[in-house]
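Peer 1:
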Amino acid sequence: MLYDMRKLDAQIALWLDEDCGQFDLTAKIMVEEDAQGRFAFNAREDMVLAGLPMAARVFRHLDPKLKLEALAEEGERIEAGTTFAIIQGNAQAILTGERVALNLMQRMCGIATLTAAYVAEIKGTGAFLVDTRKTTPGLRGLEKYAVTCGGGRNHRLSLDGGIMLKDNHIAVAGSITLAVARAKAAAPVLTKIEVECDRLEQVDEALAAGADVIMLDNMSNDEMRAAVRLVGGRVPLECSGGVRLDTIRAKAETGVDFISVGRITQSAPCVDIGLDDL
């Protein structure tokens, strides 16, 4: 669960500026500037915790003296009705930062919770769940962090994190063999090259060309089992395309090493979290 918090500060400033405008008119009118408050973060549904350090950063942007006490850890399963953190300090600052902090956490916890459900489905198979680049622009780092809180693993964090030769790249290059050769000639020495294949003959070609990872794109379970036998453990195999919660177990049992699922970030619902006065 790695994240560079320094990158968050500039985003928080923009989010608060969007939400507040000139200032929080309600809080300015209704709450004395020196008033103190104590509020609980309450889970209103079962969830996996993700994003509490980020929420704390939102509040401290408004007042560095605010104190947030975590009662649960990132990645922990929390039942509905549980208080998982308490924040106290200047009431005006807390009320002003409430919505931005909760919006962020609700999104991240939603991703972590859905990720955990997928991870549970493939337990014991030997396959790992990985995310994709189907993330919200501007929130990728946070959403991929949330995936790890749910027990998943990260694929490329960005386009410079590895070379993925998809069908269009291969078409431009002329063949898988030519595409891999061109990539190997220019790539940094520690960079892996993954090749997307949607037919078994392409798997054979990618293997012979020296691919580091082979993606089995939208293949049937029978085709993936054949690919696993063909490759024989020489390189990792990734299953991708249209994976759902009710189909992932069977795909994992084909023997693939990784299963990438865009739904865990692209389609995760936000969970319900409340900030309640104590």
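Mind the numbering: the sequence shown is residues 1 to 278 in our numbering, read in order.
Glycine residues also receive a C-beta, built at the ideal position from the N, C-alpha and C atoms.
Going along the chain, which residues of its own chain have a beta-carbon closer than 7 Å to the beta-carbon of Val228, five neighbours each way excluded?
Peer 2: Result list for Val228: Leu237, Thr254, Gly255, Val256, in chain order.
Peer 1: Rounded to whole angstroms, what's the CA-CA distance from Arg182 to Val189? Just pull it up for me.
Peer 2: Their Cα atoms are separated by approximately 13 Å.
Peer 1: Tell me whether Lys166 is buried or exposed, calling it buried when 16 or more other Cβ atoms sit within 10 Å of its Cβ.
Peer 2: So Lys166 counts as exposed.
Peer 1: Quick one: grab the DSSP three-state call for Ile170.
Peer 2: The answer is helix: DSSP assigns Ile170 an H, G or I state.
Peer 1: Between Leu230 and Leu104, what straight-line distance do the alpha-carbon atoms span, to the nearest angstrom?
Peer 2: Straight-line Cα distance between these residues: approximately 44 Å.
Peer 1: Within the chosen definition, does the region 35–45 reach the region 9–22 through at least 3 CB pairs nearer than 8 Å?
Peer 2: No, the region 35–45 is not in contact with the region 9–22.
Peer 1: Taking 6 Å as the limit between beta carbons, can you name the residues of its chain near Met164, skipping five residues before and five after?
Peer 2: Only Glu194 meet the Cβ criterion.
Peer 1: Excluding the 5 residues flanking Ala91 on each side, which residues of the same chain have their C-beta closer than 7 Å to its C-beta?
Peer 2: The answer, listed in chain order, is Val31, Ala35, Gln36, Gly37.
Peer 1: Kindly indicate which three-state DSSP category Phe59 falls into: helix, strand or coil?
Peer 2: If DSSP states are grouped into helix, strand and coil, Phe59 belongs with the helices.
Peer 1: Between Glu76 and the rest of its own chain, which residues show a CB-CB distance below 6 Å, the 5 nearest in sequence each way excluded?
Peer 2: Leu49.
Peer 1: Label Met219 either buried or exposed according to how many other C-beta atoms from any shown protein chain fall within 10 Å of its C-beta, with 16 as the threshold for buried.
Peer 2: Met219 is buried by the Cβ-count criterion.
Peer 1: Can you tell me where the alpha helix (DSSP H) holding Asp9 begins and where it ends?
Peer 2: From DSSP, the alpha helix (DSSP H) with Asp9 extends over 6–20.
Peer 1: Determine the burial state of Ile170: buried for a count of at least 16 other Cβ atoms within 10 Å of its Cβ, exposed for fewer.
Peer 2: When all chains shown are included, Ile170 counts as buried.
Peer 1: Is DSSP giving Cys270 helix, strand or coil here?
Peer 2: Three-state result, Cys270: coil.
Peer 1: Got a sec? Which residues, its chain only, sit under 7 Å from Ala56 by beta carbon, not counting five neighbours each side?
Peer 2: Excluding sequence neighbours, Ala56 sits near Leu68.
Peer 1: Pick out the complete beta strand (DSSP E) segments inside the region 42–103, 3 residues or longer, and give them in chain order.
Peer 2: Fully enclosed beta strand (DSSP E) runs of 3 or longer: 67–70, 83–90.
Peer 1: At least one CB of chain C closer than 8 Å to the CB of Asp277: is that the case?
Peer 2: Here there is only one protein chain, and chain C is not present.
Peer 1: Taking Glu196 as part of the beta strand (DSSP E), name the residues at either end of that continuous run.
Peer 2: It spans 193–197 - the beta strand (DSSP E) in which Glu196 sits, taken as one unbroken run.
Peer 1: Fully enclosed by the region 221–272, which alpha helix (DSSP H) runs are 4 residues long or longer?
Peer 2: If we require 4 residues or more, the alpha helix (DSSP H) runs fully inside the region 221–272 come out as 221–231, 248–252, 263–266.
Peer 1: Among the residues of its own chain, which have a CB less than 8 Å from the CB of Asp204, if the five just before and after it don't count?
Peer 2: Once the five neighbours on either side are set aside, the close Cβ partners of Asp204 are Leu230.
Peer 1: Since I believe Phe128 is in contact with Arg156 (beta carbons under 8 Å), could you give me their beta-carbon distance rounded to a whole number of angstroms?
Peer 2: Not really, about 15 Å apart at Cβ, beyond 8 Å.
Peer 1: On a CA-only basis, which of Leu102, Leu95, Val147 is nearest Thr26? Give me that one, please.
Peer 2: Selected option, being the one with the closest Cα: Leu95.
Peer 1: Does Gly161 come out as helix, strand or coil in the three-state DSSP assignment?
Peer 2: In this structure, Gly161 counts as helix in the three-state DSSP scheme.
Peer 1: Do you know whose CA, among Ile273, Arg140, Ala268, Gly274, lies nearest Thr113's CA?
Peer 2: Nearest C-alpha to Thr113: Ala268.
Peer 1: When you compare only the Cα positions, how much space is there between Leu8 and Met54?
Peer 2: Straight-line Cα distance between these residues: approximately 8 Å.
Peer 1: Look at Met47 and Ile78 and say whether their C-beta atoms are less than 8 Å apart.
Peer 2: Contact: yes.
Peer 1: Under the DSSP definition of a beta bridge, which residues are partnered with Asp217?
Peer 2: In the DSSP output, where bridge partners are listed per residue, Asp217 has Ser240.
Peer 1: Are the CB atoms of Leu102 and Leu216 nearer to each other than 8 Å?
Peer 2: Taking 8 Å as the Cβ cut-off, Leu102 and Leu216 do not qualify as a contacting pair.
Peer 1: Quick one, which of Thr115, Cys270, Val119 has its alpha-carbon nearest Lys144's?
Peer 2: Of Thr115, Cys270, Val119, the residue nearest in Cα terms is Thr115.
Peer 1: What residue from Ala93, Ala179, Gly233, Ala250 has the CA that sits closest to Ala209's CA?
Peer 2: The residue with the shortest Cα to Cα distance from Ala209 is Ala179.
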